[in-house]
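Report on the structure given below.
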Amino acid sequence: MQKGFYRFYPKEKWINRNIEIEDSLYTELKNISENELDASINKLIDSCVENFKIENEQIIFYKKPKDEITIARSIRLRESMWKKLDELKKDYDISLYKLINMSIKYTLDGK
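For the sequence shown, position 81 (counting from the first letter as 1) is numbered 67 according to the working numbering, and the numbering increases by one without interruption.
Below, the structure written as structure tokens:
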């Protein structure tokens, strides 16, 4: 592969699933996608999941704002990211919905 293409991922299957995403998080991703980065919302979420880590077996939950709504959305992630989420779900008994929202929140907060 050419050195100039290091920032691109190898070809991989992308899979759609319906997941509830907190509206404020989705709105922030939409703003980033439309105004800051050349990336779709799906690719931003994929990146959030890729960078999401549970360190030292410690999970830090955040409190969802009182009036926050969640909306079921069809999101498309690389197959390897769905596998990562499924493993985390199995290991820590946390729903995919919570894992995805946590990964977005952690990324947006710079953690």
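All residues carry an ideal CB built from backbone N, CA and C; glycine is no exception.
query                                                                                                             : result
Limits of the unbroken beta strand (DSSP E) element including residue 14                                          : Note, residue 14: premise wrong, no beta strand (DSSP E); alpha helix (DSSP H) at 9 to 21.
Straight-line gap, residue 39 to residue 89 (C-alpha atoms, nearest Å)                                            : 8 Å
Span separating the alpha-carbon of residue 73 from that of residue 63                                            : 15 Å
DSSP beta-bridge partners of residue 6                                                                            : 58
Outcome for residue 87 when other beta-carbon atoms lying within 10 angstroms are tallied against a minimum of 16 : buried
Straight-line gap, residue 25 to residue -4 (C-alpha atoms, nearest Å)                                            : 17 Å
Local conformation of residue 90 per DSSP, three classes                                                          : helix
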